[in-house]
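Note sheet for the following structure.
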């Protein structure tokens with residue numbers, strides 16, 4: 001069984017001093033569901049996930065509201081909100097999570113994904129950030145191994 | 150250890166157990182008020198301490214729990230939890246916003262009315278959780294600040310909840326504790342004063358807020374064009390869910406004739422709704438707020454400890470002496486005392502502590518006036534501060550999460566005048582009609 005450090009980790013990270021817009025652009029380019037947010041010395045501070053971005057770009061009360069099929073977009077209001085958020089520091093939106101260690105098992109990673117509800121988690125070796133592991137990467141690697149004997 | 154035996158015998162050399170019971174209860178109230186620890190943890194820890202220290206034994210602790218209150222609360226949680234996905238509450242809130250046609254005063258009155266009615270027939274916390282998120286959306290669509298509207302709704306929820314047996318936790322506790330007081334008794338004796346208070350207080354708030362809620366005509370037209378019923382049409386089981394909800398409310402009105410206690414009505418309604426409108430029982434029962442039920446459970450045991458050690462009787466004697474035995478003065482002391490206690494702590498633990506005191510004040514007789522005084526004091530007192538009622542905490546929490554926080558002091562500047570006005574109306578009402 002491979003350690004997590006042997007899986008296809010994605011170097012998807014952003015400094016906590018970066019702007020929110022820079023972080024979202026990085027998230028889009030990296031094609032993983034979450035970025036690692038790092039301090040200036042490279043230490044892991046937390047993550048910024050797609051859901052965190054969604055909550056920041058759209059009104060926070062949507063999480064408390066279940067019925068919105070009748071709503072029509074108000075482009076001016078949405079633009080205003082986007083303008084207000086894009087220049088803020090990504091550190092303001094960062095959530096702390098328990099990182100996975102590089103020498104931990106795939107089964108442990110699968111259990112962590114199921115119980116934290118995260119779509120991607122940072123993998124570290126001590127203080128060093130190794131990369132982001134997504135659920136897709138974990139499962140793809142597992143299936144790939146049995147495909148080619 | 151045999152059932153019924155205290156865990157640790159109270160030693161003769163230790164402090165008197167009545168003082169220990171008071172210290173535990175007061176410390177618990179203080180911790181609940183400052184919110185350093187979750188209120189359920191505080192209540193359960195206080196209850197456990199009372200049993201472990203031998204203030205009351207296991208059987209007395211179990212007997213102190215008002216299971217009817219817990220049943221009524223759990224039943225209503227299931228009913229509301231299964232009704233919410235239909236979108237009927239969103240429909241109501243959006244429809245009243247459309248009916249206001251962009252007039253701020255009309256919008257304030259209509260939202261206050263809907264919140265008050267939902268509070269009366271669901272409960273005030275649920276009403277707030279249903280109405281505030283859609284109000285934030287409406288305020289966004291109208292390009293106005295949501296804070297005045299949400300403050301009006303919080304205040305309306307506490308006043309509207311006063312009107313019925315199921316509207317506010319203090320009333321639920323009183324109504325399930327005294328079976329002489331029926332659902333209709335609550336409405337006959339409390340709804341009129343609640344309606345008058347709601348109209349007076351909403352008028353005052355409309356005067357204060359109307360200039361801050363200027364709505365552009367084109368925004369009002371846009372909101373008027375929205376299809377409010379769209380979610381309602383798409384949701385499953387709307388008809389049968391609403392039929393069970395209405396049937397349950399009708400059964401509350403008729404519970405005396407049907408010889409059914411309110412808790413039985415709520416639990417039966419919940420069961421019928423589970424049968425006809427829930428595909429998955431597990432997820433339906435997730436709507437039960439277990440932390441709230443355990444909070445009540447802990448409180449009942451702590452108050453049971455105070456009763457067992459004679460503290461409640463001592464307070465009642467002191468109250469009777471201080472008021473010279475006049476039922477009018479007693480009623481007004483209960484009204485204003487309950488309001489002050491609810492404002493400082495939380496109206497649920499305060500009511501739990503006051504119920505046996507009112508029982509003791511009455512001796513063997515039954516005077517409903519004192520119970521109405523307690524209900525009005527505890528429910529109206531819930532408007533004074535941000536922490537005085539669970540609905541206030543929930544509403545300010547939603548505002549906070551949406552990036553529009555309301556400070557404790559700002560809430561106080563509206564809550565205290567509203568509470569004083571409400572209590573003045575309640576005082577006149579009680580003196581003229583009840584005491």
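Protein chains in written order, with the numbering used here: chain Y, 1 to 149; chain X, 150 to 584.
All residues carry an ideal CB built from backbone N, CA and C; glycine is no exception.
The structure presented is a predicted model; accordingly, all values stated were derived computationally and were not measured.
Cβ neighbour criterion (16 or more within 10 Å) applied to residue i
| i | result |
| --- | --- |
| residue 16(Y) | buried |
| residue 479(X) | buried |
| residue 404(X) | buried |
| residue 556(X) | exposed |
| residue 31(Y) | exposed |
| residue 388(X) | exposed |
| residue 532(X) | buried |
| residue 366(X) | exposed |
| residue 87(Y) | exposed |
| residue 168(X) | exposed |
| residue 128(Y) | exposed |
| residue 302(X) | buried |
| residue 11(Y) | exposed |
| residue 208(X) | exposed |
| residue 520(X) | buried |
| residue 495(X) | buried |
| residue 13(Y) | buried |
| residue 329(X) | exposed |
| residue 431(X) | exposed |
| residue 93(Y) | buried |
| residue 28(Y) | exposed |
| residue 157(X) | Its pLDDT being 42, under 50, residue 157(X) is placed unreliably by the model, and nothing is read from it. |
| residue 54(Y) | exposed |
| residue 486(X) | buried |
| residue 445(X) | buried |
| residue 278(X) | buried |
Residue closest to residue i, alpha-carbon to alpha-carbon, out of the options
| i | options | result |
| --- | --- | --- |
| residue 571(X) | 544(X), 509(X), 484(X) | 484(X) |
| residue 434(X) | 445(X), 422(X), 443(X), 176(X) | 422(X) |
| residue 502(X) | 547(X), 368(X), 456(X), 574(X) | 456(X) |
| residue 308(X) | 584(X), 339(X), 415(X) | 339(X) |
| residue 527(X) | 275(X), 497(X), 244(X) | 497(X) |
| residue 56(Y) | 568(X), 569(X), 584(X), 551(X) | 551(X) |
| residue 357(X) | 391(X), 297(X), 332(X) | 297(X) |
| residue 476(X) | 565(X), 488(X), 582(X) | 582(X) |
| residue 135(Y) | 125(Y), 113(Y), 5(Y) | 113(Y) |
| residue 414(X) | 395(X), 579(X), 363(X), 534(X) | 395(X) |
| residue 490(X) | 182(X), 238(X), 408(X), 295(X) | 182(X) |
| residue 439(X) | 516(X), 227(X), 543(X) | 227(X) |
| residue 116(Y) | 98(Y), 70(Y), 107(Y) | 98(Y) |
| residue 229(X) | 402(X), 511(X), 420(X), 254(X) | 420(X) |
| residue 257(X) | 549(X), 417(X), 349(X), 568(X) | 349(X) |
| residue 252(X) | 177(X), 539(X), 360(X), 545(X) | 360(X) |
| residue 381(X) | 516(X), 241(X), 534(X) | 241(X) |
Same chain only: Cβ atoms within 8 Å of residue i, ignoring 5 sequence neighbours per side
| i | result |
| --- | --- |
| residue 3(Y) | 102, 103, 104, 105 |
| residue 472(X) | 478, 479, 482 |
Own chain partners of residue i with C-beta closer than 7 Å, once the 5 adjacent residues on each side are dropped
| i | result |
| --- | --- |
| residue 170(X) | 199, 204, 454, 455, 458, 460 |
| residue 180(X) | 186, 191 |
| residue 316(X) | 268, 269, 272, 273, 309, 310 |
| residue 259(X) | 245, 248, 249 |
| residue 576(X) | 481, 484 |
| residue 196(Y) | This structure leaves residue 196(Y) out entirely; chain Y is present only between 1 and 149. |
| residue 130(Y) | 5, 9, 102, 123, 124 |
Residues bridged to residue i (per DSSP)
| i | result |
| --- | --- |
| residue 365(X) | Answer by DSSP bridge pairing: none, since residue 365(X) is not bridged. |
| residue 95(Y) | 47(Y) |
| residue 150(Y) | Lying before the first or after the last residue shown, residue 150(Y) is absent from chain Y, which here runs from 1 to 149. |
| residue 125(Y) | 128(Y) |
| residue 101(Y) | 124(Y) |
| residue 133(Y) | 121(Y) |
| residue 19(Y) | 89(Y) |
Beta-carbon contacts of residue i that lie in its chain and below 6 Å, excluding the five residues immediately before and after
| i | result |
| --- | --- |
| residue 547(X) | 281 |
| residue 196(X) | 447, 450, 451 |
| residue 518(X) | 480, 583, 584 |
| residue 175(X) | none |
| residue 312(X) | 269, 339, 340, 343 |
| residue 426(X) | 231, 386, 389, 390 |
| residue 50(Y) | 33 |
Beta carbon proximity, residue i to chain A, threshold 8 Å
| i | result |
| --- | --- |
| residue 551(X) | Reference to chain A is not applicable here, since the protein chains of this structure are Y and X. |
- Spell out a yes or no on whether the stretch 59-70 of chain Y and the stretch 82-95 of chain Y are touching, meaning 3 or more CB-CB pairs, one atom from each, closer than 8 Å. no
- How about the stretch 216-223 of chain X and the stretch 263-270 of chain X: do they share at least three Cβ pairs that are nearer than 8 Å? no
- Does the stretch 363-376 of chain X come close enough to the stretch 557-566 of chain X to have 3 or more Cβ pairs within less than 8 Å? no
- Do the stretch 461-477 of chain X and the stretch 275-294 of chain X meet, that is, are 3 or more Cβ pairs less than 8 Å apart? no
- Message: Whether or not the stretch 290-304 of chain X and the stretch 314-327 of chain X are in contact is what I'm after, with contact meaning three or more pairs of Cβ atoms, one per stretch, closer than 8 Å; do they touch?
- Response: no
- Query: Does the stretch 88-97 of chain Y come close enough to the stretch 9-27 of chain Y that 3 or more CB-CB pairs lie under 8 Å?
  - Reply: yes
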